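This report concerns only the one structure given below.
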Amino acid sequence: QVQVVESGGGLVQPGGSLRLSCKASGRIFSMYNLAWYRQAPGKERELVASINAIARRNYADAAKGRFTISREDAKNTVHLQMNSLNPDDTAVYYCNVRWRDIDAWGQGTEVTVSS
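Going left to right, the sequence shown walks through residues 977 to 1091 as our numbering numbers them.
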């Protein structure tokens, strides 16, 4: 059972930045496909960004140019650097870990963008 814990959410003003982090258990972290999703109130969960074992990145259109996903395999951690935040980015952000039969989610970290 892979344990996934997100951190770094909070309240930020429009135009501000936040860095989310996600730590996952397991000795094979370097093999994991990692992703950040978000779910805004009243909306479905959507993919924000993903990074695979060879650091190939994929971004949703809303994240391109503003968000950067990165991984630190030595620390079993994946980050999401979010810049130029706007109120539409308000959501609960979830970390997802996948590899073979592993499909694990964290409890989420809340991001609120408001003045």
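Beta carbons: idealized from backbone N, C-alpha and C, even for Gly. None of the values given here were measured: they were computed from a predicted structure.
Burial state of residue i, where buried means 16 or more other Cβ atoms lie within 10 Å
i, result
"GLY1082", "buried"
"ASP1065", "buried"
"ARG1014", "buried"
"ALA1031", "exposed"
"ARG1033", "exposed"
"ARG1047", "buried"
"ILE1045", "buried"
Beta-carbon proximity check, residue i vs residue j, cutoff 8 Å
i, j, result
"ASN1059", "VAL1089", "no"
"ALA1000", "VAL1073", "yes"
"TYR1069", "GLY1002", "no"
"VAL981", "ALA1080", "no"
"ALA1067", "ALA1016", "yes"
"LEU994", "TRP1012", "no"
Bridge-paired residues (DSSP) for residue i
i, result
"GLU1022", "ARG1014"
"ASN1009", "ARG1074"
"ARG1042", "BP columns for ARG1042 are empty, so no partner."
Self-check item: Cβ contact check for the segment 982 to 999 and the segment 1016 to 1025: 3 or more pairs under 8 Å
Solution: Put simply, the segment 982 to 999 does not touch the segment 1016 to 1025. Fewer than three CB pairs are less than 8 Å apart.
Self-check item: Cβ contact check for the segment 999 to 1011 and the segment 1050 to 1065: 3 or more pairs under 8 Å
Solution: Result yes; three or more Cβ-Cβ pairs closer than 8 Å.
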